[in-house]
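Structure record follows, encoded as structure tokens.
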Amino acid sequence: MSTEYLQFSGYVPDGLVTEFRHMHSAIRVGLLGEFKDGQVAHLAIPRAMDAASDGQVECVWVPTDSVGKGESLAEFDGVWCVPGMPYRSEAGALEGIRHARMTRTPFLGTSAGFQYALIEFARNVLGIAQAEHQKSNPKAAVPLIAPLDCALLGVKARVHFRDGTLLRKAYGIAESVQEYHCGFGLNSRYRRWLESGLVFAAKDDQDEVRAVELDGHPFFVATLFEPALESNSPLVKAFAGAVMRRHNTLRAKVAS
Numbered sequence: 001m002s003t004e005y006l007q008f009s010g011y012v013p014d015g016l017v018t019e020f021r022h023m024h025s026a027i028r029v030g031l032l033g034e035f036k037d038g039q040v041a042h043l044a045i046p047r048a049m050d051a052a053s054d055g056q057v058e059c060v061w062v063p064t065d066s067v068g069k070g071e072s073l074a075e076f077d078g079v080w081c082v083p084g085m086p087y088r089s090e091a092g093a094l095e096g097i098r099h100a101r102m103t104r105t106p107f108l109g110t111s112a113g114f115q116y117a118l119i120e121f122a123r124n125v126l127g128i129a130q131a132e133h134q135k136s137n138p139k140a141a142v143p144l145i146a147p148l149d150c151a152l153l154g155v156k157a158r159v160h161f162r163d164g165t166l167l168r169k170a171y172g173i174a175e176s177v178q179e180y181h182c183g184f185g186l187n188s189r190y191r192r193w194l195e196s197g198l199v200f201a202a203k204d205d206q207d208e209v210r211a212v213e214l215d216g217h218p219f220f221v222a223t224l225f226e227p228a229l230e231s232n233s234p235l236v237k238a239f240a241g242a243v244m245r246r247h248n249t250l251r252a253k254v255a256s
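No gaps in the numbering here: position 151 of the sequence shown is 151 in our numbering, and each next residue is one more.
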């Protein structure tokens with residue numbers, strides 16, 4: 001296993017405090033992906049964040065080809081990797097997710113964001129360099145993300161939350177009905193590989209993985225379903241809370 005997974009800690013690194021001095025005073029979330037006016041989720045996500053934070057969190061679009069080595073995300077208190085593949089830069093999407101994972105920045109990935117969170121983890125933590133998305137490369141040696149047996153395009157279906165997870169805590173119930181807009185998901189052939197490092201936080205009625213979390217991280221959640229399409233989503237509210245806590249923690253450390 002890569003040492004990247006072992007670099008989590010219980011404190012805010014001094015480097016992040018230095019970065020914070022140059023950050024905006026507003027609480028900001030970077031929406032990682034390319035805005036498409038016709039994509040319902042892209043319109044819903046900023047509205048959901050505004051409602052979940054009582055207007056305290058500002059959403060800013062961050063195109064994947066502008067991420068670099070994560071520099072463009074350093075000023076944000078949270079990262080949401082949004083639906084909408086193909087991304088303009090797959091490498092940028094993966095680097096943005098890696099940045100959030102490594103810097104302990106609150107992260108939410110939905111739909112394609114879920115898919116690429118799995119790829120990032122497989123490549124950079126588990127060392128599976130050939131892990132790919134089969135939509136991008138139909139001949140992938142390791143098609144970690146593959147077509148679903150039944151495409152979930154505009155489908156609502158039940159998910160079951162695992163006890164002790166952020167999802168279970170956010171919703172306060174054991175199961176929920178969620179909406180999907182995707183045709184790809186985790187290839188069950190590689191499920192056991194990921195289970196060694198990720199928490200499978202939600203599964204559907206067929207026991208297929210629909211959400212993952214990362215232990216040891218303040219907030220790292222990725223879902224195949226799209227919580228922004230849910231009215232007053234508990235998950236979006238939990239994410240907004242994590243974003244605001246990070247902002248306030250960094251501000252307090254700078255002040256001290």
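Heads up, the beta-carbon is just placed ideally off N, CA and C, and yes, glycines get one too.
| message | If you reduce the DSSP assignment to three classes, tell me which class Gly92 lands in. | response | Here residue 92 corresponds to residue number 92 of the sequence shown, with the count starting at 1. Three-state result, Gly92: helix.
| task | Return the CA-CA distance between Ala48 and Ala100, expressed in angstroms with no decimal places. | result | To locate residue 48, count along the sequence shown from 1; it is residue 48. To locate residue 100, count along the sequence shown from 1; it is residue 100. Near 21 Å, if we compare the C-alpha coordinates of Ala100 and Ala48.
| query | Is DSSP giving Tyr180 helix, strand or coil here? | reply | Position 180 of the sequence shown, counting from 1, holds the residue named residue 180. Strand.
| task | Pull up the DSSP beta-bridge partners for Cys59, would you. | result | For the purposes of this step, residue 59 is taken as residue 59 along the sequence shown, with counting starting at 1. According to DSSP, residue pairing for Cys59 in a beta bridge involves Val29.
| query | Within 8 Å (strictly less), CB to CB, does Ser66 reach chain B? | reply | Of the protein chains in this structure there is only one, and it is not chain B.
| task | Can you check DSSP and say which residues form a bridge with Glu213? | result | Translated into the one-based positions of the sequence shown, residue 213 becomes position 213. Glu213 is bridged to Val199, Val221.
| query | According to DSSP, which residues form a beta bridge with Ile145? | reply | Residue 145 sits at position 145 when you count from the first residue of the sequence shown. Per DSSP, His133, Leu186.
| task | Look at the alpha carbon of Gly92 and the alpha carbon of Pro63, and state the distance between them as a whole number of angstroms. | result | As a first step, residue 92 must be located in the sequence shown, where it is residue number 92. As a first step, residue 63 must be located in the sequence shown, where it is residue number 63. Gly92 and Pro63 have their C-alpha atoms some 8 Å from each other.
| query | Roughly how far, in whole angstroms, is the beta-carbon of Val40 from the beta-carbon of Leu224, given that I think they are within contact range, below 8 Å? | reply | For the purposes of this step, residue 40 is taken as residue 40 along the sequence shown, with counting starting at 1. For the purposes of this step, residue 224 is taken as residue 224 along the sequence shown, with counting starting at 1. About 16 Å separates the two Cβ atoms, so there is no contact after all.
| field | Pick from Leu31, Ser66, Gly197 that is closest to Leu108, judged by C-alpha positions | value | Within the sequence shown, the letter at position 108 stands for residue 108. Checked all of Leu31, Ser66, Gly197; the closest Cα to Leu108 is Leu31.
| request: Might you give, ordered along the chain, the residues of its own chain that have their beta carbon closer than 6 Å to the beta carbon of Ala259, omitting 5 neighbours on each side? | output: Because the chain spans 1 through 256 in this model, residue 259 falls outside it and cannot be assessed.
| request: Please name the residue in Gly185, Phe35, Arg246, Gly197 whose C-alpha comes closest to that of Val209. | output: Position 209 of the sequence shown, counting from 1, holds the residue named residue 209. Looking from the CA of Val209, the closest CA among Gly185, Phe35, Arg246, Gly197 belongs to Gly185.
| CA-to-CA distance, Leu144 to Trp193, given in whole angstroms | Taking the sequence shown and counting its residues from 1, the one referred to as residue 193 is at position 193. Taking the sequence shown and counting its residues from 1, the one referred to as residue 144 is at position 144. Rounded to whole angstroms, Trp193 to Leu144 spans 10 Å at the Cα level.
| said: Buried or exposed, going by whether 16 or more other CB atoms sit within 10 Å of the CB of Ile27? | reply: Here residue 27 is taken as the residue at index 27 of the sequence shown, counted from 1. Looking at its Cβ environment, which holds 16 or more other Cβ atoms inside 10 Å, Ile27 is buried.
| message | Would Glu213 and Phe220 qualify as a contact pair, given that the criterion is a beta-carbon distance under 8 Å? | response | For this step, residue 213 is matched to residue 213 along the sequence shown. For this step, residue 220 is matched to residue 220 along the sequence shown. The Cβ atoms of Glu213 and Phe220 lie closer than 8 Å to each other.
| query | Below 8 Å, can you find three or more Cβ-Cβ pairs linking the region 228-242 to the region 119-127? | reply | Three or more beta-carbon pairs separated by less than 8 Å are not found between the region 228-242 and the region 119-127, which leaves the two stretches without contact.
| message | What I want to know is whether the C-beta of Val57 ends up closer than 7 Å to one or more non-hydrogen atoms of the ligand NAD. | response | Absence of the ligand NAD from the depicted structure is noted, as is the absence of any ligand whatsoever, leaving it without description.
| query | Of all the options Thr105, Arg98, Gly68, Asn137, which has the alpha carbon lying nearest to the alpha carbon of Pro86? | reply | Looking up residue 86 in the sequence shown gives position 86. When only C-alpha atoms are compared, the closest one is Asn137.
| What residue does the beta strand (DSSP E) around Phe107 start on, and which one ends it? | Locating residue 107 in the sequence shown gives position 107, where the first residue counts as 1. Residues 107-110.
| request: Would you check if there are 3 or more beta carbon pairs closer than 8 Å linking the region 193-206 to the region 68-83? | output: The region 193-206 vs the region 68-83: no contact.
| request: Check the C-beta distance from Glu120 over to Ile97 and give it rounded, since I have them as a contact under 8 Å. | output: Working through the sequence shown from its first residue, we reach residue 120 at position 120. Working through the sequence shown from its first residue, we reach residue 97 at position 97. Contact holds; Cβ gap of about 4 Å.
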